[in-house]
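**Student:** Under our numbering, the residues of the sequence shown are numbered 2 to 337, in order.
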Amino acid sequence: MIRVGVNGYGTIGRRVADAVKLQPDMELVGVVKVTPDYKARKAVEKGYRLYCVDMAGVEKFRKAGINVEGILDDLLQQVDVVADCTPGDVGATYREKYLNMGRRAIFQGGEEAEVAEVSFVAQCNFEKAIGRKTVRVVSCNTTAISRVIHALDQEYGVEKARVVIARRASDPEEASKGLIDAVVLDPVEIPSHHAGDVRTVLPHVDIVTMAIKIPTTHMHLHSMILTMKNNVSTDKVRDLLSRTTRVKVLWKSEGFKSTANVFEYGRETGRPRGDIYEAVVWGDSVKADGREVYFFMGVHQEAIVVPENIDAIRAVMGETSAEKSIKITNKTLGIS
Ligand code: NAD
């Protein structure tokens with residue numbers, strides 16, 4: 002069994018912890034929580050062992066009547082690998098600690114690429130992460146873009162990619178970050194950081210990304226404009242994307258006309274928190290014209306990187322087969 006600890010029990014950390022629990026080859030040793038809130042109580046109810054960052058945190062939890070097992074260092078003593086799910090740039094401050102204690106670490110997309118030896122999307126570059134000490138699972142947007150570009154590149158060759166990203170303003174519970182009546186250029190300059198980030202996974206891809214922030218919380222929406230090396234047909238692209246793991250093609254005739262329908266679909270599936278781990282492509286939007294390919298893609302930002310975290314854990318622990326790891330992860334998370 003691979004012994005896993007999760008540092009940072011927020012949007013991503015909670016989901017990664019739950020996913021680790023579902024793996025037949027992993028044990029969730031414990032999670033690090035900062036605030037003694039209802040999520041901490043829920044974690045205890047689920048049987049998760051809680052740890053705090055330091056003794057001041059332990060005191061805070063004890064005063065709130067929530068049992069904790071110790072501090073981060075105590076957790077690190079007991080694990081093979083830590084999934085660092087702390088806020089962006091905080092993970093990097095823990096890097097030395099993890100390495101000094103001889104622990105392998107998975108970081109998230111809010112960190113600079115330099116935090117880890119490899120930036121990772123399972124179906125694109127699993128083999129690069131095998132046996133590494135540090136791996137960074139790239140951001141939600143980069144994960145989705147990499148999955149679809151990689152599939153199309155393998156089959157037809159992608160000459161260049163242009164992507165316009167409409168980003169959700171904040172995660173659902175982050176009311177204080179809310180954007181109410183504006184579309185924010187995020188950033189004003191072009192390209193946005195996503196293009197460089199995709200190249201940390203697919204270094205050869207000619208890609209430019211532009212991003213805006215819109216007043217929603219549930220998904221990002223990408224407008225994909227790709228130039229292939231050879232002519233392709235609409236049907237072939239639809240077929241390829243339908244066959245690509247962790248990409249889901251949804252249709253207008255089935256009621257999918259907006260991110261709201263996709264969000265509702267997630268809830269109907271009965272998955273925990275209504276999570277959608279797949280990059281969602283609107284099948285009707287796929288249009289090939291000579292070498293040009295266009296489509297809309299949705300990204301459930303809270304969920305899409307969860308399977309990558311699980312595969313990254315297996316890779317750093319020496320699993321050599323991407324296919325095998327992806328298959329187990331998909332099965333346990335209900336990804337068909
Ligand atoms: P979050 O704010 O929801 O969760 C972070 C958690 O870490 C919180 O519970 C916070 O209390 C805790 N924390 C804060 N400081 C800490 C510290 N010093 N030590 C330990 N824990 C600490 O953040 P998130 O959205 O889960 O993001 C985590 C990482 O995942 C970031 O790198 C982010 O960029 C990346 N990511 C986020 C999303 C998303 O849409 N939320 C998607 C993909 C990747």
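C-beta: ideal position from N, C-alpha, C; glycine also.
Could you spell out the range, first to last residue, of the beta strand (DSSP E) harbouring residue 290?
**Tutor:** Position 289 of the sequence shown, counted from the first residue, corresponds to residue 290. Its beta strand (DSSP E) spans residues 288 to 290.
**Student:** Which residues in the same chain have their Cβ closer than 7 Å to the Cβ of residue 117, if we skip the five residues on either side of it in sequence?
**Tutor:** What you label residue 117 is simply residue 116 of the sequence shown in a count that begins at 1. 108, 135, 136 and 137.
**Student:** Helix, strand or coil, according to DSSP, for residue 180 in the structure here?
**Tutor:** In the sequence shown, the residue the question calls residue 180 occupies position 179. Three-state DSSP puts residue 180 in coil, outside helix and strand.
**Student:** At 4 residues or longer, and completely inside the stretch 44 to 108: list those alpha helix (DSSP H) runs for me, N to C.
**Tutor:** 56 to 64, 73 to 78 and 92 to 101
**Student:** Could you tell me the alpha carbon to alpha carbon distance between residue 212 and residue 238, rounded to whole angstroms?
**Tutor:** Residue 212 sits at position 211 when you count from the first residue of the sequence shown. Residue 238 sits at position 237 when you count from the first residue of the sequence shown. About 25 Å.
**Student:** Taking only runs that begin and end inside the stretch 204 to 241, name each unbroken beta strand (DSSP E) of 3 or more residues, in chain order.
**Tutor:** Taken in chain order, the unbroken stretches of beta strand (DSSP E) that lie wholly in the stretch 204 to 241 and span 3 residues or more are 208 to 215 and 221 to 229.
**Student:** Quick check: what's the CA-CA separation for residue 35 versus residue 63?
**Tutor:** Translated into positions along the sequence shown, residue 35 becomes position 34. Translated into positions along the sequence shown, residue 63 becomes position 62. About 12 Å.
**Student:** For a test of your reading of the model: does the CB of residue 88 fall under 7 Å from any non-hydrogen atom of the ligand NAD? Yes or no.
**Tutor:** Reading the sequence shown from its first residue, position 87 is the one you call residue 88. Closer than 7 Å to some heavy atom of the ligand NAD: that describes the Cβ of residue 88.
**Student:** Give a single yes or no on whether residue 140 has its beta carbon closer than 7 Å to a heavy atom of the ligand NAD.
**Tutor:** The residue labelled residue 140 in the question sits at position 139 within the sequence shown. Yes; taking the cut-off as 7 Å, the Cβ of residue 140 has a heavy atom of the ligand NAD nearer than that.
**Student:** Cβ of residue 306 within 8 Å of Cβ of residue 110?
**Tutor:** As a first step, residue 306 is located in the sequence shown; it is residue number 305 there, counting from the start. As a first step, residue 110 is located in the sequence shown; it is residue number 109 there, counting from the start. Against a cut-off of 8 Å, the Cβ pair of residue 110 and residue 306 comes out as a contact.
**Student:** Just to confirm before moving on: does the CB-CB distance between residue 298 and residue 145 stay below 8 Å?
**Tutor:** Locating residue 298 in the sequence shown gives position 297, counting from the first residue. Locating residue 145 in the sequence shown gives position 144, counting from the first residue. A contact, by the Cβ cut-off of 8 Å.
**Student:** What would DSSP say about residue 14, mapped onto helix, strand or coil?
**Tutor:** Counted from its first residue, the sequence shown places residue 14 at position 13. Residue state, collapsed to three classes: helix.
**Student:** Taking all protein chains shown into account, decide if residue 112 is buried (16 or more other Cβ within 10 angstroms of its Cβ) or exposed.
**Tutor:** Counted from its first residue, the sequence shown places residue 112 at position 111. Buried, by the Cβ-count rule.
**Student:** Put residue 278 into one of helix, strand or coil per three-state DSSP.
**Tutor:** The sequence position of residue 278 within the sequence shown is 277, counting from 1. Correct three-state label for residue 278: coil.
**Student:** Would you give the residue range spanned by the alpha helix (DSSP H) that residue 269 belongs to?
**Tutor:** Counting from 1 along the sequence shown, the entry for residue 269 is found at position 268. Residue range 260 to 269 is occupied by the alpha helix (DSSP H) that includes residue 269.
**Student:** Expressed to the nearest angstrom, what Euclidean distance is found between the alpha-carbon atoms of residue 37 and residue 13?
**Tutor:** Here residue 37 refers to the residue found at position 36 when the sequence shown is read from its first residue. Here residue 13 refers to the residue found at position 12 when the sequence shown is read from its first residue. Each residue's Cα considered, the two are about 18 Å apart.
**Student:** With hydrogens ignored, establish whether the beta-carbon of residue 36 is closer than 7 Å to any heavy atom of the ligand NAD.
**Tutor:** Counting from 1 along the sequence shown, the entry for residue 36 is found at position 35. It does: the Cβ of residue 36 is within 7 Å (strictly closer) of some heavy atom of the ligand NAD.
**Student:** Is it buried or exposed for residue 258, if we count other Cβ within 10 angstroms and need 16 for buried?
**Tutor:** Here residue 258 corresponds to residue number 257 of the sequence shown, with the count starting at 1. With fewer than 16 Cβ atoms within 10 Å of its Cβ, residue 258 is classed as exposed.
**Student:** By Cβ distance, which residues of its chain are closer than 8 Å to residue 292, with the 5 residues on each side in sequence left out?
**Tutor:** For the purposes of this step, residue 292 is taken as the residue at position 291 of the sequence shown. Take residue 292, set aside five residues on each side of it, and the residues of its chain with a beta-carbon closer than 8 Å to its own are 160, 228, 229, 230, 231, 232 and 233, in chain order.
**Student:** Could you name the residues that DSSP lists as bridge partners for residue 251?
**Tutor:** The sequence position of residue 251 within the sequence shown is 250, counting from 1. 283, per the DSSP bridge assignment.
**Student:** Would the beta-carbon of residue 276 fall within 8 Å of that of residue 16?
**Tutor:** If you number the sequence shown from 1, residue 276 lands on position 275. If you number the sequence shown from 1, residue 16 lands on position 15. Yes, Cβ-Cβ distance for residue 276 and residue 16 is below 8 Å.
**Student:** Helix, strand or coil: which one does DSSP assign to residue 139?
**Tutor:** Locating residue 139 in the sequence shown gives position 138, counting from the first residue. Coil, per DSSP.
**Student:** Looking only at C-alpha atoms, which of 18, 219, 9 and 89 sits nearest to residue 1?
**Tutor:** The structure shown does not extend to residue 1, since the chain is modelled only from 2 through 337, so no value can be given for it.
**Student:** Using only CA atoms, which one of 95, 300 and 132 lies nearest to residue 85?
**Tutor:** Taking the sequence shown and counting its residues from 1, the one referred to as residue 85 is at position 84. It is 95 whose Cα lies nearest to the Cα of residue 85.
**Student:** Do the CB positions of residue 45 and residue 68 come within less than 8 Å of each other?
**Tutor:** In the sequence shown, counting from the first residue as 1, residue 45 sits at position 44. In the sequence shown, counting from the first residue as 1, residue 68 sits at position 67. It is a contact, given that the beta carbons lie within the stated cut-off.
**Student:** Distance, Cα to Cα, residue 55 vs residue 81?
**Tutor:** For the purposes of this step, residue 55 is taken as the residue at position 54 of the sequence shown. For the purposes of this step, residue 81 is taken as the residue at position 80 of the sequence shown. Looking at the two C-alpha atoms, the distance is approximately 21 Å.
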